[in-house]
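These notes concern the structure reproduced below.
Numbering (mature numbering (1 follows the signal peptide of the UniProt record, and there is no 0)), first residue to last: -22 to -1, 1 to 191.
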């Protein structure tokens, strides 16, 4: 604030010396004060801290998953890191997993008054199951090729849509999204044997929300 006051005083003195009208000087000072109180987006937030929080139900990242992430390119690219949990009542045993997601929106439709829609989104996700019973490289105790894919690592493809609710309703902007998710190995099986699997066997569905910080 001291530096701002000194800068304004110096600007006023220079303006007076150059013969700038008082009204113009006042307008310039007001604009300068406005800028001095603006918070440059992201400047006071460490890059390790997320700019949004995410909660997701299902979608091969856990029965329930929570985490956070960052947005880039005018919110067209979203990255999320999620911690997921599948309760024993659903999976037979408690399962914990970490997932990384990247979602891209080709276009964003601004509906007015803060409402925004992403009619189509596409993304990639990778889920890692925690626990010694899961593996990336098949243990030697199993015959070669016994497990055709790693049991711990599961990449997937997402297709979805999203709607952003303006903050005047919920105090902060919230994006609600729905996605269809297909795991990579299921897509390969479907492509090789399309008659043995239907879309319902390949795709699962998820719903989630992102809260902008």
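Ideal Cβ positions, reconstructed from N, Cα and C, are used throughout, including at glycine. Because the structure is a prediction, the values reported are computed rather than measured.
TODO: Specify whether the region 85 to 94 and the region 56 to 72 touch according to this definition: at least 3 beta carbon pairs, one from each stretch, less than 8 Å apart.
DONE: no
TODO: Run the CB neighbour count on residue 24, radius 10 Å, all protein chains shown included, and call it buried at 16 or more, exposed below.
DONE: Translated into positions along the chain shown, residue 24 becomes position 46. The residue in question, residue 24, is exposed, as its Cβ has fewer than 16 Cβ neighbours within 10 Å.
Going by DSSP, what residue range makes up the alpha helix (DSSP H) through residue 179?
Within the chain shown, the letter at position 201 stands for residue 179. Counting along the chain, the alpha helix (DSSP H) containing residue 179 begins and ends at 177 to 180.
Let me check understanding here. Comparing Cα to Cα, which of 52, 120, 73 lies closest to residue 87?
Looking up residue 87 in the chain shown gives position 109. Of 52, 120, 73, the residue nearest in Cα terms is 52.
Is DSSP giving residue 152 helix, strand or coil here?
Counting from 1 along the chain shown, the entry for residue 152 is found at position 174. Looking at residue 152 - three-state DSSP - the assignment turns out to be strand.
Residue 163 - containing alpha helix (DSSP H), residue span
Looking up residue 163 in the chain shown gives position 185. From DSSP, the alpha helix (DSSP H) with residue 163 extends over 162 to 170.
inquiry  = Tell me which residue opens and which closes the beta strand (DSSP E) that residue 57 is part of.
reply    = Start at 1 with the first residue of the chain shown, and residue 57 comes out as number 79. Per DSSP, residue 57 belongs to the beta strand (DSSP E) from 55 to 64.
- Item | Through-space distance from residue 185 to residue 169, alpha-carbon basis | As a working note, residue 169 is residue 191 in the chain shown. As a working note, residue 185 is residue 207 in the chain shown. Taking the straight line joining both Cα atoms gives about 26 Å.
field: Within the region 59 to 128, ranges of the beta strand (DSSP E) (whole runs, at least 3 residues)
entry: 73 to 82, 87 to 90, 93 to 108
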